[in-house]
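Asks:
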Ligand SMILES: Nc1nc2c(ncn2[C@@H]2O[C@H](COP(=O)(O)OP(=O)(O)OP(=O)(O)O)[C@@H](O)[C@H]2O)c(=O)[nH]1
Ligand SMILES: [Mg+2]
Ligand SMILES: [Zn+2]
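Residue numbers (our numbering): 44 to 337.
1. Rounding to the nearest angstrom, what Cα-Cα distance links residue 178 and residue 218 in this structure?
2. According to DSSP, what are the bridge partners of residue 89?
3. Any idea which residues DSSP pairs residue 179 with across the strands?
4. Is it the case that the CB of residue 213 approaches a heavy atom of ligand 2 more closely than 8 Å?
5. Do residue 320 and ligand 3 come close, with the Cβ less than 8 Å from some heavy atom?
6. With a cut-off of 5 Å, give the chain-ordered residues whose Cβ is closer than this to any heavy atom of ligand 3.
7. Which one or two residues does DSSP pair with residue 203 in a beta bridge?
8. Exposed or buried, which one is residue 320 when buried takes at least 16 other CB atoms within 10 Å?
9. Report yes or no: do the stretch 58-74 and the stretch 163-174 share at least 3 C-beta pairs separated by less than 8 Å?
10. If I follow the unbroken beta strand (DSSP E) through residue 247, where does it start and stop?
11. Say yes only if the C-beta of residue 160 is nearer than 8 Å to one or more non-hydrogen atoms of ligand 1, and no if none qualify.
12. Would you report the Cα separation of residue 329 and residue 272, rounded to the nearest angstrom?
13. Please determine, among 84, 245, 135 and 331, the residue with the shortest C-alpha to C-alpha distance to residue 314.
14. Leaving out the 5 sequence neighbours to the left and right, which residues in its chain are closer than 6 Å to residue 171 when beta-carbon positions are compared?
15. Just to confirm before moving on: does the CB-CB distance between residue 254 and residue 202 stay below 9 Å?
16. Are the stretch 90-97 and the stretch 118-132 touching, with three or more C-beta to C-beta distances below 8 Å?
17. With a 10 Å radius around its C-beta and 16 neighbouring C-beta atoms as the bar for buried, classify residue 44 as buried or exposed.
18. Among all the DSSP beta bridges, which residues are the ones paired with residue 61?
19. Residue 130 to residue 211, Cα distance in whole Å?
20. Under 8 Å: does the beta carbon of residue 261 sit that close to some heavy atom of ligand 2?
21. Residues in its own chain within less than 6 Å of residue 46 by CB, not counting five upstream and five downstream?
22. Beta carbon of residue 110, beta carbon of residue 154: below 9 Å?
23. Mind pulling the beta strand (DSSP E) runs of 3 or more residues that sit fully within the stretch 274-330?
24. Indicate the three-state DSSP secondary structure (helix, strand or coil) for residue 66 in the structure shown.
25. Look up residue 110 in the DSSP assignment and say whether it is helix, strand or coil.
26. What are the boundary residues of the alpha helix (DSSP H) that residue 227 is part of?
27. DSSP three-state label for residue 126, please.
28. Heavy atom of ligand 2 less than 8 Å from the Cβ of residue 157, yes or no?
29. Can you give the Cα-Cα distance for residue 227 and residue 334, rounded to whole angstroms?
30. I need the DSSP call for residue 53, collapsed to helix, strand or coil.
31. Note down, in chain order, each residue of its chain lying with its Cβ closer than 7 Å to the Cβ of residue 241, except the 5 sequence neighbours on either side.
Now the structure itself:
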């Protein structure tokens, strides 16, 4: 048996890199299908080799972390990439990505790319929202090289995933961070102002500085992770300083009277747009509870 890491799944095969950095093309053992066990990129697996090139995945070792979207295992750090412009950042989607990362026990780092397309005054308000909450943010440009050194430092010695909508520059950033990767990148369609899913597969790449990164195809919508409505506020760190002062225990910061979180929104201490997303997410969770737990 050889142990290795799944670096890619493609056409029914899993590509497993062993500790000598040799890549084996593997089929999963038949029972994986029966037991509906999934093999994810990032998984540590044991394989039995058949010849000098092929093997069979016999066992998936226990995962340290697991992200549902994008589907990857054993990641420490989720680089949530959004373009500041072209395509316009969708902050509702950004907040969903952050939530997914945190629910998957993975630290989110927000990377605002394409800063070359905006003036400083245009960048500051968006950045401020997330800086103030305490999220780690990086502002980058593949065109000017801004922020790339900082991004490299974040990736060093970590296993990170690049996630975000299509066309925001995930693959371009990776190419810039490590010349030689030669990942395919795509033009933004002028008419739609969206990418066209240039990256088609989830793939784990090894960096020269000791880090590993997963490039993923972008997506434009995202379901929330499964959780109880009472848990949601815990994923909005800016609410932490306030909810102890709500009148009701178990206040959902929605319709309840004397809610300290709502007061903080009114006084501007909590960002209104973030709060609006909180309410939208809350309604989504309640809707799912009604459907599934009745
Ligand atoms: N102006 C500007 N354009 C950029 C920057 N980074 C990437 N682009 C352009 O944005 C387009 C999309 O880049 P990709 O790297 O393919 O985007 P992606 O996020 O990997 O997209 P998918 O693989 O479809 O998810 C390309 O035309 C890039 O040249 C940047 O910093 N500034
Ligand atoms: Mg890409
Ligand atoms: Zn409240």
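Here a beta-carbon is modelled for each residue, glycine too, at the ideal position from N, C-alpha and C.
Computed from a predicted model, the values in this text were never measured in an experiment.
Replies: From the atom records:
1. Start at 1 with the first residue of the chain shown, and residue 178 comes out as number 135. Start at 1 with the first residue of the chain shown, and residue 218 comes out as number 175. In a straight line, the C-alpha of residue 178 is about 25 Å away from that of residue 218.
2. Counting from one through the chain shown, the residue named residue 89 turns up at place 46. Per DSSP, 46 and 102.
3. Counting from 1 along the chain shown, the entry for residue 179 is found at position 136. In the DSSP output, where bridge partners are listed per residue, residue 179 has 152.
4. Residue mapping note: residue 213 aligns to position 170 of the chain shown, counting from 1. At least one heavy atom of ligand 2 is nearer than 8 Å to the Cβ of residue 213, so yes.
5. Counted from its first residue, the chain shown places residue 320 at position 277. No; taking the cut-off as 8 Å, the Cβ of residue 320 has no heavy atom of ligand 3 nearer than that.
6. The answer, residue by residue, is 289, 294, 296, 302 and 304.
7. In the chain shown, the residue the question calls residue 203 occupies position 160. Residue 203 is bridged to 120 and 256.
8. Position 277 of the chain shown, counted from the first residue, corresponds to residue 320. Buried, since its Cβ has 16 or more Cβ neighbours within 10 Å.
9. no
10. Here residue 247 refers to the residue found at position 204 of the chain shown. From DSSP, the beta strand (DSSP E) with residue 247 extends over 246-249.
11. Locating residue 160 in the chain shown gives position 117, where the first residue counts as 1. The answer is yes for residue 160.
12. Counted from its first residue, the chain shown places residue 329 at position 286. Counted from its first residue, the chain shown places residue 272 at position 229. Roughly 7 Å separates the two Cα atoms.
13. The residue you call residue 314 lines up with position 271 of the chain shown. It is 135.
14. Residue mapping note: residue 171 aligns to position 128 of the chain shown, counting from 1. Closer than 6 Å at the Cβ level, and outside the excluded window around residue 171, lies no residue.
15. Taking the first residue of the chain shown as 1, we reach residue 254 at position 211. Taking the first residue of the chain shown as 1, we reach residue 202 at position 159. Yes, the pair counts as a contact, with Cβ atoms nearer than the cut-off.
16. no
17. Position 1 of the chain shown, counted from the first residue, corresponds to residue 44. Under this definition residue 44 is an exposed residue.
18. Here residue 61 corresponds to residue number 18 of the chain shown, with the count starting at 1. The partner list for residue 61 (beta bridge, DSSP) reads 47.
19. Residue numbering aside, residue 130 sits at position 87 when the chain shown is read from its first letter. Residue numbering aside, residue 211 sits at position 168 when the chain shown is read from its first letter. Each residue's alpha carbon lies about 7 Å from the other.
20. The count along the chain shown starts at 1 and reaches residue 261 at position 218. True, at least one ligand heavy atom lies under 8 Å from that Cβ.
21. As a first step, residue 46 must be located in the chain shown, where it is residue number 3. Cβ neighbours of residue 46 beyond the five flanking positions: 89.
22. As a position in the chain shown, residue 110 is number 67, starting the count at 1. As a position in the chain shown, residue 154 is number 111, starting the count at 1. No.
23. None, since the stretch 274-330 contains no complete beta strand (DSSP E) of that length.
24. Along the chain shown, read from residue 1 onward, the residue named residue 66 stands at position 23. Here residue 66 sits in strand by DSSP.
25. Position 67 of the chain shown holds residue 110. It is a strand residue.
26. For the purposes of this step, residue 227 is taken as residue 184 along the chain shown, with counting starting at 1. Bounds of any alpha helix (DSSP H) do not take in residue 227, whose DSSP letter is neither H nor E.
27. Within the chain shown, numbered from 1, the residue matching residue 126 stands at position 83. Here residue 126 sits in strand by DSSP.
28. Here the question's residue 157 lines up with position 114 in the chain shown. Answer for residue 157: no, Cβ out of range of ligand 2.
29. Here residue 227 corresponds to residue number 184 of the chain shown, with the count starting at 1. Here residue 334 corresponds to residue number 291 of the chain shown, with the count starting at 1. C-alpha separation (whole angstroms): 41 Å.
30. In the chain shown, counting from the first residue as 1, residue 53 sits at position 10. Residue 53 falls in the strand class under three-state DSSP.
31. Residue 241 sits at position 198 when you count from the first residue of the chain shown. Closer than 7 Å at Cβ, skipping near neighbours: 214, 227, 228 and 229.
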